[in-house]
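First to last, the protein sequences are chains S and F.
Each residue of the first sequence is one higher than the last, beginning at 30 in our numbering.
Each residue of the second sequence is one higher than the last, beginning at -11 in our numbering.
Here a beta-carbon is modelled for each residue, glycine too, at the ideal position from N, C-alpha and C.
Heads up, the thing below is written out as structure tokens.
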Amino acid sequence: MRALLALTVFGGGVAQATLAPALRIGDVAPDLPLIVVVLLALRRGPEFGCLAGFAAGLLQDAAGGGLIGVQALTKAMIGFAIGALGGGLRVTQPLVQVPGLALLTVVEGLVRFALLKLFHFPAPFGELMVYVVIPQALYNGFLGAALVLALAWVEDYRRHAS
Amino acid sequence: MKIRRLVVLASILVVCLVLLTLQTRGYGTHTGDAVALVTTPVQTAVAAIPRAAFGVWSLYLDWKGVRAENRRLREEIRRLRVEALWVAEATEENGRLRRLLALRNRLPVATLPGEVIAREWGGWVRSLTVNRGRGDDVKRLTAVISPDGLVGRIVEVRLGASIVQVLTDPSSTVGAHVVRTRTPGIVEGEPRGTIRFKYMARDGAGLAVGDVIVTSGLGGVFPRGVPIGRVRAIDDRGSALFHYALLTPVVDFGRVDEVLFVTGERMPDLAGFFPTDG
Chain S
30 MRALLALTVF GGGVAQATLA PALRIGDVAP DLPLIVVVLL ALRRGPEFGC
80 LAGFAAGLLQ DAAGGGLIGV QALTKAMIGF AIGALGGGLR VTQPLVQVPG
130 LALLTVVEGL VRFALLKLFH FPAPFGELMV YVVIPQALYN GFLGAALVLA
180 LAWVEDYRRH AS
Chain F
-11 MKIRRLVVLA SILVVCLVLL TLQTRGYGTH TGDAVALVTT PVQTAVAAIP
39 RAAFGVWSLY LDWKGVRAEN RRLREEIRRL RVEALWVAEA TEENGRLRRL
89 LALRNRLPVA TLPGEVIARE WGGWVRSLTV NRGRGDDVKR LTAVISPDGL
139 VGRIVEVRLG ASIVQVLTDP SSTVGAHVVR TRTPGIVEGE PRGTIRFKYM
189 ARDGAGLAVG DVIVTSGLGG VFPRGVPIGR VRAIDDRGSA LFHYALLTPV
239 VDFGRVDEVL FVTGERMPDL AGFFPTDG
């Protein structure tokens, strides 16, 4: 579990550092660590999702230069929640994946905003939602769905090969 | 199991909230430092991975670029070498033609330039084929010279070409004399491709290695004073009537490419128009 956790944090961090700038559309970049945390939480459960979310979020906080702990907290909560609900979600359907990930991103954005407000950090709600959270939510939704499909295809291929 | 999960979640929530509280209460620097202790090495490693990967990738791209450039440069070098050969050849030819033209301009006799288009070097016959023939009004037995000296004489005139018997042809004989001693004699070609100066023993006492032999002009075929060769060795045959001096021809018959036919009727002394100092 530790190795996988480290791999998740590293993988998410590397992806965010390398792929996210390349995948940027206009000013919108996907939140790859969030997608990775969600995907792994679905498979590994709430405990793993929580720890992975915390570690990945902490790294993003440290890299971002804002309040440290905001993304660690939001991603840990999302990892836990998705891990806990994982069994009941039909995440193999793209019709669920895209809005699901978009919704999660919006929720994460709202919680983040709430935390920032709680700790008296200046953040304009409307602009953040319109220009950052919602475009990123949509992007995360489509990218996450593509990743889920790609993983499913790889697993099918491996199953047929074996 | 459920309790453990909740403990993990609660612990993380507490840690995060403590971190946030500390930052808003003025301990931001300390909190940042404490977190940086953990996150900086991870960030360094995270940053190093793509950097290394991109480094390898860019190295590969560089290598590919260098390979392509190498191929292109090799091709360019090959092309430039060919061009350089052409330039060297043209420069050399230009130099030869300039010398020939200079000689033609300063000679007090009519000449016709020609280009060597073939060589017969078998031993039985030593001749050059020059691209001037009957159409150019070339006559048999016309003297053929180059900027260095005598080449030979025309022995056959064809349509568009002439055959020049060079001095090294075994049947070639030319009336000549030694510039320094005025010793008269005959320059003969030899089957082995060399030339020798045949002279009467009583006349050749003072002959020395290095002496220059020029045409004597006797017989009316060759103008007087055209250099033929330089004495390389003397074959003293004791009491024999004739002695021989082995000569080094002043003209390199194997490399001569352009020649002049001496077409004028008048045959003046050309001694001052050729280099005879070696």
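Residues that DSSP places opposite residue i in a beta bridge
{"i": "S115 of chain F", "result": "F:E108 and F:Q153"}
{"i": "T134 of chain S", "result": "In DSSP, T134 of chain S forms no bridge with anything."}
{"i": "S223 of chain F", "result": "Checking the displayed sequence, the identity of residue 223 of chain F turns out to be Asp instead of Ser. F:Y232."}
{"i": "V247 of chain F", "result": "F:G102"}
{"i": "G140 of chain F", "result": "F:V132 and F:V154"}
{"i": "A164 of chain F", "result": "F:G173 and F:T203"}
{"i": "V159 of chain S", "result": "None, per the DSSP bridge assignment."}
{"i": "I54 of chain S", "result": "S:V57"}
{"i": "P237 of chain F", "result": "F:G217"}
{"i": "R146 of chain F", "result": "F:A149"}
Among the options, nearest to residue i - alpha-carbon criterion
{"i": "R180 of chain F", "options": "F:R170, F:V197 and F:L155", "result": "F:L155"}
{"i": "I64 of chain S", "options": "S:G115, S:G55 and S:G82", "result": "S:G82"}
{"i": "L61 of chain S", "options": "S:H189, S:L147, S:L176 and S:L157", "result": "S:L176"}
{"i": "G83 of chain F", "options": "F:E246, F:Y48, F:P256 and F:E253", "result": "F:E246"}
{"i": "V118 of chain F", "options": "F:R190, F:V244 and F:A233", "result": "F:V244"}
{"i": "A174 of chain S", "options": "S:V57, S:I97 and S:L68", "result": "S:L68"}
{"i": "A221 of chain F", "options": "F:S227, F:R212, F:Y232 and F:P211", "result": "F:Y232"}
{"i": "C79 of chain S", "options": "S:A131, S:A105 and S:A166", "result": "S:A105"}
{"i": "R267 of chain F", "options": "F:K(-10), F:G205 and F:T19", "result": "Residue numbering for chain F in the displayed model covers -11 to 266; residue 267 of chain F lies beyond these limits and cannot be assessed."}
{"i": "R168 of chain F", "options": "F:S150, F:Y48, F:V(-4) and F:R218", "result": "F:R218"}
{"i": "R73 of chain S", "options": "S:M158, S:R141, S:P153 and S:G115", "result": "S:G115"}
{"i": "I(-9) of chain F", "options": "S:L52, S:D56 and S:E76", "result": "S:E76"}
Test item: CB-CB of residue i and residue j under 8 Å
{"i": "T27 of chain F", "j": "L88 of chain S", "result": "yes"}
{"i": "P215 of chain F", "j": "V197 of chain F", "result": "no"}
{"i": "V239 of chain F", "j": "L116 of chain F", "result": "no"}
{"i": "F249 of chain F", "j": "L100 of chain F", "result": "yes"}
{"i": "S159 of chain F", "j": "G177 of chain F", "result": "yes"}
{"i": "A164 of chain F", "j": "V175 of chain F", "result": "yes"}
{"i": "G140 of chain F", "j": "G121 of chain F", "result": "no"}
{"i": "G138 of chain S", "j": "V162 of chain S", "result": "yes"}
{"i": "G112 of chain S", "j": "A179 of chain S", "result": "no"}
{"i": "R272 of chain F", "j": "L234 of chain F", "result": "Nothing about residue 272 of chain F can be read from this structure; chain F reaches only from -11 to 266."}
{"i": "R212 of chain F", "j": "L258 of chain F", "result": "yes"}
{"i": "L102 of chain S", "j": "L144 of chain S", "result": "yes"}
{"i": "A110 of chain S", "j": "T134 of chain S", "result": "no"}
{"i": "G252 of chain F", "j": "V132 of chain F", "result": "no"}
Neighbour flag for residue i against chain F, beta carbons, 8 Å
{"i": "G138 of chain S", "result": "no"}
{"i": "E184 of chain S", "result": "no"}
{"i": "A91 of chain S", "result": "yes"}
{"i": "G212 of chain S", "result": "Because chain S here runs from 30 to 191, residue 212 of chain S falls outside it and cannot be looked at."}
{"i": "A105 of chain S", "result": "yes"}
{"i": "I163 of chain S", "result": "no"}
{"i": "V65 of chain S", "result": "no"}
{"i": "F148 of chain S", "result": "yes"}
{"i": "E156 of chain S", "result": "no"}
{"i": "A143 of chain S", "result": "no"}
{"i": "A174 of chain S", "result": "no"}
{"i": "P62 of chain S", "result": "no"}
{"i": "L80 of chain S", "result": "yes"}
{"i": "A101 of chain S", "result": "yes"}
{"i": "I111 of chain S", "result": "no"}
{"i": "L88 of chain S", "result": "yes"}
{"i": "P75 of chain S", "result": "yes"}
{"i": "A190 of chain S", "result": "no"}
{"i": "L68 of chain S", "result": "no"}
{"i": "L96 of chain S", "result": "yes"}
{"i": "V177 of chain S", "result": "no"}
Cutoff 8 Å: residue i Cβ touching any chain S Cβ
{"i": "T17 of chain F", "result": "no"}
{"i": "A40 of chain F", "result": "no"}
{"i": "R69 of chain F", "result": "no"}
{"i": "V(-4) of chain F", "result": "yes"}
{"i": "A0 of chain F", "result": "The identity of residue 0 of chain F in the sequence shown is Ile, whereas the question assumes Ala. At least one chain S Cβ lies under 8 Å of I0 of chain F."}
{"i": "A24 of chain F", "result": "yes"}
{"i": "V75 of chain F", "result": "no"}
{"i": "G14 of chain F", "result": "no"}
{"i": "G43 of chain F", "result": "no"}
{"i": "V54 of chain F", "result": "no"}
{"i": "L7 of chain F", "result": "yes"}
{"i": "R(-8) of chain F", "result": "yes"}
{"i": "T27 of chain F", "result": "yes"}
Cross-chain neighbours of residue i in chain C, by beta carbon under 7 Å
{"i": "A85 of chain S", "result": "Absence of chain C from the displayed structure is noted, the protein chains being S and F."}
Problem - Uninterrupted beta strand (DSSP E) stretches inside the region 176 to 218 of chain F (no shorter than 3 residues) - result: Correct list: 183 to 188 and 200 to 203.
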